[in-house]
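K.L.:
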Ligand code: COI
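Residue numbers (the numbering used here): 1 to 354.
#1: When you measure from the CB of residue 75 to every non-hydrogen atom of the ligand COI, does any distance come out below 6 Å?
#2: Distance cutoff 7 Å, beta carbons only. Does residue 228 sit that close to anything in chain B?
#3: Among 32, 82 and 165, which one has its Cα closest to the Cα of residue 134?
#4: Tell me which same chain residues have a C-beta within less than 8 Å of the C-beta of residue 99, skipping the five on either side of it?
#5: Is any non-hydrogen atom of the ligand COI found closer than 6 Å to the C-beta of residue 248, if you look at the structure I gave you?
#6: Relative to the C-alpha of residue 77, which candidate in 140, 16 and 93 has its C-alpha closest?
#7: I'd like the span of the beta strand (DSSP E) that includes residue 53, first residue to last.
#8: Would you mind sorting residue 41 into buried or exposed? The rule is 16 or more other CB atoms within 10 Å of its CB.
#9: Tell me where the beta strand (DSSP E) around residue 141 begins and ends.
#10: Less than 8 Å between the CB atoms is what I'm expecting for residue 364 and residue 180, so what's the real figure, rounded?
#11: May I have a chain-ordered list of the alpha helix (DSSP H) segments no shorter than 4 residues that lie completely inside the stretch 255-314?
#12: Where are the beta strand (DSSP E) runs, 3 residues long or more, that stay fully inside the stretch 51-88, in chain order?
#13: Please determine if the stretch 112-125 and the stretch 39-57 are in contact, where contact requires at least 3 C-beta pairs separated by less than 8 Å.
#14: Express the C-alpha separation of residue 238 and residue 261 in angstroms, rounding to a whole number.
#15: Hey, residue 367 and residue 73: beta-carbon distance below 7 Å or not?
#16: Exposed or buried, what is residue 152 when buried is set at 16 or more other beta-carbons lying within 10 Å of its beta-carbon?
#17: Does the ligand COI have even one heavy atom less than 6 Å from the beta-carbon of residue 188?
Shown next as C-alpha cells:
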C-alpha cells in the first residue's frame, strides 16, 4: 500500500523477514529491517524522501563515491521502553554532526524534515524490530553518498541520503585488548578526523588487521605529530581512570566529537566523579600502569556503548588492567542504559519519543 506522510512517500513491503531473525544471537550490523529511507539530491535541492523495501540499488560505475570516497555516515540507536514506546537518544546531536561532516566533505546539508522526521516515520513502521532491555537496541545508520557520475576529481552534483536499520546487541563479542599506535595515524590537523567520513574508517582497516594478528582488537590512536598523546580508538572515544579521576582527550580536528563520550562526561560530573578533559600522555598511562594507579580504560561509542578494555600494549610491554568491584565503566554504562530504556528519570532531556 502506498501513502504520503509528512511529505514522505511510503511504499510498504508486503512481506516481513522479522520472524526469521534470532534476536538473541545477533552479530553486529548484519541483519537489516524490512524498509529503508532514500532521498536524492539533484539540481541543488533534496527531492521527496521515499520509504520502501530494503533492497539493493543500481548506480553508475563512475559515481564519485566509488572513486573518491565522498561518503559520510552517522551511528545512532533507538530503544524500546517497558510500555512498548520507542525512543531516540540525542538525535539532534547526530543531525548536527552529520551536517558538519557534510560541509567538510563538500556535500549538501540535510534538513531536519528529512533526517529527523524521516527517521521517526521509518521507525514507526519498524517498531517491532526494536526490543526492550537486555542490551537490545535498533542501530540506525544514516549515510550520504555521491552518486553523480564522471571520474573528474570534483565534488558530485548529485547525492543519495539513506537510512537503514539493524537490530543490535553488543558490538564486541569478547574481551577487548588494545595496542597504542606509534607508526600509523588515524587523522591529522586540517584533515577529516572530526568528520564521520567513510574513509576515516577504511584507513584503519590495515593497521587494525596487523593489530588483530598480534591479538589486539583495537588500536588507541595517538596524535600524528608526536605520537605522545592518546586520542581515540577509531570505533569509540576512549576514557582512562587514574586513581579516581576519569580522563579523556579534548575533541579536536583529529578526534570525533562522540555523543556517548559527552554523555559519559555529563553523567560522571552529575554523580561527582572527578573528570579531566585534557591531553592524556602515553608516558603518563604507562607510568600509572606501572605504579598501580591506572584502574580502568574503556571505550565509549554508539555501537560499542561503553566497552571495558582489559589491557593495553605499548612497544613490547603488555599491561593487564585490574578487575574492579567498583568499575566506573560498568556503573556509568548502567546509568546510561537506564536512561535509554526509560528505567531512570532522564534529567538531561536526552531521550526523544518516536
Ligand atoms: C558508531 O559507534 O555508531 C560508529 O559509527 C562506529 C562504527 C565503526 C560502528
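Yeah, the Cβ is synthetic: ideal placement off N, Cα and C, and Gly gets one too.
P.N.:
Let me spell this out:
#1: Against the chain shown, residue 75 aligns to sequence position 75. Checking the Cβ of residue 75 against the ligand COI gives yes.
#2: The displayed structure is made up of one protein chain only, and chain B is not part of it.
#3: For the purposes of this step, residue 134 is identified with residue 134 of the chain shown, where counting begins at 1. Comparing Cα positions, the closest option is 82.
#4: As a first step, residue 99 is located in the chain shown; it is residue number 99 there, counting from the start. The answer, listed in chain order, is 109 and 110.
#5: Translated into positions along the chain shown, residue 248 becomes position 248. It does not: the Cβ of residue 248 is nowhere closer than 6 Å to a heavy atom of the ligand COI.
#6: As a first step, residue 77 must be located in the chain shown, where it is residue number 77. Answer by Cα proximity: 140.
#7: Position 53 of the chain shown, counted from the first residue, corresponds to residue 53. Run containing residue 53: 50-53, per the beta strand (DSSP E) assignment.
#8: Sequence index remark: in the chain shown, residue 41 carries index 41 (1-based). Residue 41 should be labelled buried.
#9: If you number the chain shown from 1, residue 141 lands on position 141. Looking at the DSSP string, the run of the beta strand (DSSP E) that includes residue 141 is 137-146.
#10: Nothing about residue 364 can be read from this structure; the chain reaches only from 1 to 354.
#11: 259-270 and 282-291
#12: 71-73 and 76-80
#13: yes
#14: Residue numbering aside, residue 261 sits at position 261 when the chain shown is read from its first letter. Residue numbering aside, residue 238 sits at position 238 when the chain shown is read from its first letter. Distance between the alpha carbons of residue 261 and residue 238: 8 Å.
#15: Given a span of 1 to 354 for the chain in the structure shown, any question on residue 367 remains unanswerable.
#16: Counted from its first residue, the chain shown places residue 152 at position 152. With fewer than 16 Cβ atoms within 10 Å of its Cβ, residue 152 is classed as exposed.
#17: Position 188 of the chain shown, counting from 1, holds the residue named residue 188. No; taking the cut-off as 6 Å, the Cβ of residue 188 has no heavy atom of the ligand COI nearer than that.
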